[in-house]
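In the working numbering, the protein residues as written are 2 to 328.
We put the beta carbon where it would ideally sit given N, CA and C, even for glycine.
Before any comments, here is the structure.
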Ligand code: AMP
């Protein structure tokens, strides 16, 4: 929103009642459309309001986490980017298909709990922000973790879980912007996450962890750290982004438009193993509201991801390219 404001747009924020007082503090929020619950983010009343204001909806993680994808696809308000690709983000099987088609190295998916023969990470579908993930190394540890989630009402059955090989290395999240107007990919930043409990475990010696009964841990995101990559990795970063854009064009027309993030682990040999993508702006880009080391290589002005989106809309308005960046 700050980026949109910097590029001269007016802004409307859709948010829950209890968050209103928080967002009122920021001058770049011109108007607030209040909702009672996250599930009604895009109610017909909300859509009418946005239409009246000639708004363009900028999708982010919460929209995918809390809204029904069928509903998002049927929205009659213009959405920045390709709304059809959001389903491919939310469904882990489609997600895997797109990443494989792009030729990205991915962790081995594990079809059934009976096939778990090494350390695996067990995930929920959708943009859950690491919530409810757990590690399993055999059927028993899978069932124990699943039972915990069933008891907490986080899942309805074991079928709601997705099992994937655990990859050893350091997590790296790559922030890209693909301009459908210039047909060009921009690499605008990277981050890593700060996650409970996993990042806190190192503060408790392993012997004590066992003593107090810690056996599994969650990956709930608390924040993000900035990251600058070893320069020799950059060539690969660009080619991965380009391969992803190429595959998205073929599988989900009109393809990947605007911001996206490839999320994975870099191993000891410097190989990227991609376990996720986000087909829209991600929270990690909030680190770079004043631009990033990478955006400074392209832009003289501080260029956040939000501002880059707004700039693309502005460029499209000037060049009658709007149809190429909205769905
Ligand atoms: P995600 O919500 O998928 O981005 O994952 C949350 C966290 O889980 C990541 O930041 C990683 O620390 C971890 N993670 C996810 N998938 C894997 C994997 N296949 N191997 C190792 N760590 C993973």
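>> Applying the 10 Å Cβ sphere with the 16-neighbour rule, what's the burial state of residue 27?
In response: exposed
> Where does residue 225 fall in DSSP's three states?
Replying inline: strand
> In terms of residue numbering, what span does the beta strand (DSSP E) encompassing residue 237 cover?
Replying inline: Residue 237 -> not in any beta strand (DSSP E); alpha helix (DSSP H) instead, spanning 235-252.
>> Short of 6 Å in beta carbon distance, which residues of its chain neighbour residue 125, apart from the five on each side in sequence? Order them along the chain.
In response: 133
>> Tell me whether residue 52, by its Cβ, gets closer than 7 Å to a heavy atom of the ligand AMP.
In response: no
> In three-state terms, what does DSSP make of residue 91?
Replying inline: helix
> In three-state DSSP terms, what is residue 263?
Replying inline: strand
> Touching or not, the stretch 219-229 and the stretch 181-193, by the rule of three or more beta carbon pairs under 8 Å?
Replying inline: yes
> Is any heavy atom of the ligand AMP found at a distance shorter than 7 Å from the C-beta of residue 97?
Replying inline: no
> Relative to the ligand AMP, is the shortest distance from any of its heavy atoms to the C-beta of residue 313 smaller than 7 Å?
Replying inline: no
> Is residue 190 helix, strand or coil by DSSP?
Replying inline: strand
> Which residues in the same chain have their Cβ closer than 6 Å to the Cβ of residue 120, if we skip the five residues on either side of it in sequence?
Replying inline: 138, 167
> Could you give the residue range of the alpha helix (DSSP H) that holds residue 1?
Replying inline: The structure shown has nothing for residue 1, since the chain only spans 2 to 328.
>> To the nearest angstrom, how far is the alpha carbon of residue 99 from that of residue 84?
In response: 15 Å
>> Helix, strand or coil for residue 328? Go by DSSP, reduced to three states.
In response: coil
> Under a three-way DSSP split, which group does residue 289 fall into?
Replying inline: helix
> Taking the alpha-carbon positions, what's the residue 245 to residue 258 distance?
Replying inline: 11 Å
> On the three-pair Cβ rule with 8 Å, is the stretch 144-151 touching the stretch 294-303?
Replying inline: no
> Sorry if obvious, but does the Cβ on residue 108 come closer than 7 Å to a heavy atom of the ligand AMP?
Replying inline: yes
> Going by other Cβ atoms of all chains shown within 10 Å of its Cβ, with 16 needed for buried, is residue 213 buried or exposed?
Replying inline: exposed
> By how many angstroms is the C-alpha of residue 81 removed from the C-alpha of residue 52?
Replying inline: 14 Å
>> Would residue 30 and residue 12 be called neighbours here (beta carbons separated by less than 8 Å)?
In response: yes
> beta strand (DSSP E) containing residue 162: first to last residue?
Replying inline: 162-166
>> Less than 7 Å between C-beta atoms, sequence neighbours within five positions excluded: which residues of the same chain meet that for residue 15?
In response: 34, 36, 42, 47
> Between the stretch 228-237 and the stretch 265-283, are three or more C-beta pairs nearer than 8 Å?
Replying inline: yes
>> Please give the ranges of any beta strand (DSSP E) in the stretch 10-87, keeping only runs that are unbroken, at least 3 residues long and fully inside the region.
In response: 13-17, 32-36
> Taking residue 316 as the reference, which of 8, 206, 3 has the closest Cα?
Replying inline: 8
>> For residue 285 and residue 174, which I take to be in contact (beta-carbon distance under 8 Å), what is that distance rounded to the nearest angstrom?
In response: 5 Å
>> I'd like to confirm the pairing. Which residues does DSSP put opposite residue 176 in its beta bridges?
In response: 190, 262
>> Can you look up residue 157 in the DSSP assignment and give me helix, strand or coil?
In response: coil
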